[in-house]
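K.L.:
The structure follows.
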Amino acid sequence: MTKRDESPELELDALFAEAKAARPVVDERLTVRIIEDAAVVQPAPVVVARPSQGPLARLLELLGGWPAVGGLVTAAATGIYIGFAQPSLLTGVEEAVTDPSFTTSSFLPGDDMFFEEG
Amino acid sequence: MAFDQTLEPDDEALLVLYANGDRHAAAELTSRLAPRLLPFCNRMLRDLAEAEDVVQEAMLRLWKIAPDWKSGQAKPSTWVFKVASNLCTDRLRKRRGVGLDEIAEPEDDRPGAEAQLLQTERLSALDVALQTLPERQRQAVILRHIEGMTNPEIGEILEISVEAVESLTARGKRGLAAALQGRKEELGL
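Here the protein sequences come in this chain order: A and B.
For what it's worth, our numbering labels the leading residue of the first sequence as 191, then goes sequentially.
For what it's worth, our numbering labels the leading residue of the second sequence as 103, then goes sequentially.
See below:
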């Protein structure tokens with residue numbers, strides 16, 4: 191196919207492609223002008239002032255925030271409940287600890303082995 | 103997310119960073135948008151110095167709107183193209199009455215082979231042909247066929263429907279073909 195046979199559409203597309211390739215480059219001075227404008231009208235950085243904290247808030251932060259304090263409160267309440275209510279499940283444990291007939295065996299060698307002659 | 107996907111902030115994120123005081127965001131956004139705006143304005147106005155002024159003004163308006171930018175309303179690139187397009191229109195209206203012959207031809211004093219001269223001639227002929235089109239057609243043709251924008255993007259810039267964009271570009275291309283018809287031989291088309 192010769193050039194003369196090409197449709198006007200194709201000729202224009204080739205011309206557009208040439209125009210696309212020959213676009214002007216942004217001059218360094220223009221870039222500087224634009225960035226200077228930007229600096230002039232740029233809002234100041236937003237600084238979020240931290241509200242002053244009372245002793246309770248500081249203690250809360252020290253303990254790790256509300257989730258940690260929640261855990262501490264739950265553990266304390268559970269301890270108090272066990273102390274007062276003495277649930278039956280714990281009775282066996284208590285007896286095992288306080289039973290006088292309970293004997294212990296030591297499988298560790300005594301200290302005197304280091305002083306014996308032999 | 104694909105491994106080769108970059109984590110560079112998009113234009114809108116850069117605009118928000120700029121509004122929050124980030125000094126580098128403006129430079130990055132300028133390096134993305136100015137190289138796209140300048141060819142468009144230059145082709146609309148056929149005057150590089152004037153085109154640079156329009157790009158600077160359009161970018162200044164972008165900086166000013168940044169603190170009030172509403173996320174998702176438009177892409178910053180589309181918004182700034184719309185501003186630049188309107189600024190070009192204003193300047194062209196002010197020029198009304200000035201004949202095409204009075205507008206300076208683009209200078210070309212580069213030494214070059216015949217092919218280069220022919221290409222310069224062709225591009226100059228394209229510019230002259232573009233000037234013969236009605237303004238909206240010219241804008242649509244440049245944005246679609248030289249800047250490579252999509253029809254929805256052009257519709258947003260010119261504030262018209264996609265169908266209207268298609269109609270404008272089709273008529274614009276026909277107008278261009280007709281304007282260049284007589285110079286085909288001369289320009290090697």
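Backbone N, C-alpha and C define an ideal beta-carbon position, used for all residues, glycine too.
I'd like the ranges of any beta strand (DSSP E) spanning at least 3 consecutive residues and lying wholly in the stretch 125-165 of chain B.
P.N.:
Segments of the beta strand (DSSP E) lying fully in the stretch 125-165 of chain B: there are none.
K.L.:
On the three-state DSSP scale, how would you describe A:A275?
P.N.:
Reduced to three states, the DSSP call for A:A275 is helix.
K.L.:
Using the C-alpha atoms, what's the distance from B:L282 back to B:V182?
P.N.:
Each residue's Cα considered, the two are about 31 Å apart.
K.L.:
Please state whether DSSP places B:T252 in a helix, a strand or coil.
P.N.:
Three-state DSSP puts B:T252 in coil, outside helix and strand.
K.L.:
Does any C-beta atom of chain A lie closer than 9 Å to the C-beta of B:Q239?
P.N.:
No, its Cβ sits nowhere closer than 9 Å to a Cβ of chain A.
K.L.:
Given 8 Å as the limit, is there contact between the stretch 183-200 of chain B and the stretch 268-275 of chain B, that is, 3 or more CB pairs closer than that?
P.N.:
No contact exists between the stretch 183-200 of chain B and the stretch 268-275 of chain B.
K.L.:
Is there contact here, the stretch 220-228 of chain B with the stretch 174-181 of chain B, by at least three beta-carbon pairs under 8 Å?
P.N.:
The stretch 220-228 of chain B, when compared against the stretch 174-181 of chain B, does not touch it at the 8 Å Cβ threshold.
K.L.:
With three or more C-beta pairs closer than 8 Å as the rule, is the stretch 216-223 of chain A touching the stretch 122-142 of chain B?
P.N.:
They touch, by the three-pair rule.
K.L.:
Between the C-alpha atoms of A:E208 and B:L225, what's the straight-line distance to the nearest angstrom?
P.N.:
Approximately 7 Å, taken between the alpha carbons.
K.L.:
Output needed for B:Q239: all residues of its chain with C-beta closer than 8 Å, excluding positions within five of it in sequence on either side, in chain order.
P.N.:
For B:Q239, where only same-chain residues beyond five positions count, the Cβ hits under 8 Å are L270, T271, R273, G274 and G277.
K.L.:
Given a threshold of 16 other Cβ atoms within 10 Å of its Cβ, counted over all protein chains shown, does A:L249 qualify as buried or as exposed?
P.N.:
Label assigned to A:L249: exposed.
K.L.:
Pull up the CB-CB distance for B:R145 and B:I244, whole angstroms please, since I reckon it's below 8 Å.
P.N.:
So it is a contact: roughly 5 Å between Cβ atoms.
K.L.:
In chain order, what residues of the same chain lie with their CB nearer than 8 Å to the CB of A:T264, ignoring the 5 residues before and after it?
P.N.:
The answer is none, since no qualifying residue turns up.
K.L.:
How would you write the range of the alpha helix (DSSP H) that B:W171 sits in, first residue to last?
P.N.:
Per DSSP, B:W171 belongs to no alpha helix (DSSP H) and is neither H nor E.
K.L.:
For B:T234, I'd like the list of residues in its chain whose CB is within less than 6 Å of its CB, leaving aside the five on either flank, ordered along the chain.
P.N.:
If we look at B:T234 and ignore the five residues flanking it on each side, its Cβ neighbours are A281.
K.L.:
Report buried or exposed for B:D113, applying the criterion of at least 16 other Cβ atoms within 10 angstroms of its Cβ.
P.N.:
Its Cβ being crowded by 16 or more others within 10 Å, B:D113 is buried.
K.L.:
Rounded to whole angstroms, what is the Cα-Cα separation between A:M191 and B:R198?
P.N.:
Caution is warranted here: a pLDDT of 40 is assigned to A:M191, below 50, making its placement in the model unreliable, and the coordinate value is therefore given only provisionally. Computed Cα separation, rounded: 44 Å.
K.L.:
In terms of residues, what are the limits of the alpha helix (DSSP H) holding B:S187?
P.N.:
Here the alpha helix (DSSP H) through B:S187 covers P178 to R197.
K.L.:
Go ahead and pull the three-state DSSP assignment for A:D203.
P.N.:
DSSP places A:D203 in helix when its eight states are reduced to three.
K.L.:
Would you say A:E201 reaches chain B, if we count a Cβ-Cβ gap shorter than 9 Å as a contact?
P.N.:
Chain B, which has a Cβ nearer than 9 Å to the Cβ of A:E201, makes this yes.
K.L.:
Give me the chain A residues within the contact set of B:K172, using Cβ-Cβ distance strictly less than 9 Å, ordered along the chain.
P.N.:
Under the 9 Å cutoff, chain A gives no residues; its nearest Cβ is about 16 Å from B:K172.
K.L.:
How far does the alpha helix (DSSP H) with B:R238 in it reach, from first residue to last?
P.N.:
Per DSSP, B:R238 belongs to the alpha helix (DSSP H) from E237 to V243.
K.L.:
Taking 9 Å as the CB-CB limit, is B:G250 close to chain A?
P.N.:
So yes, B:G250 belongs to the interface.
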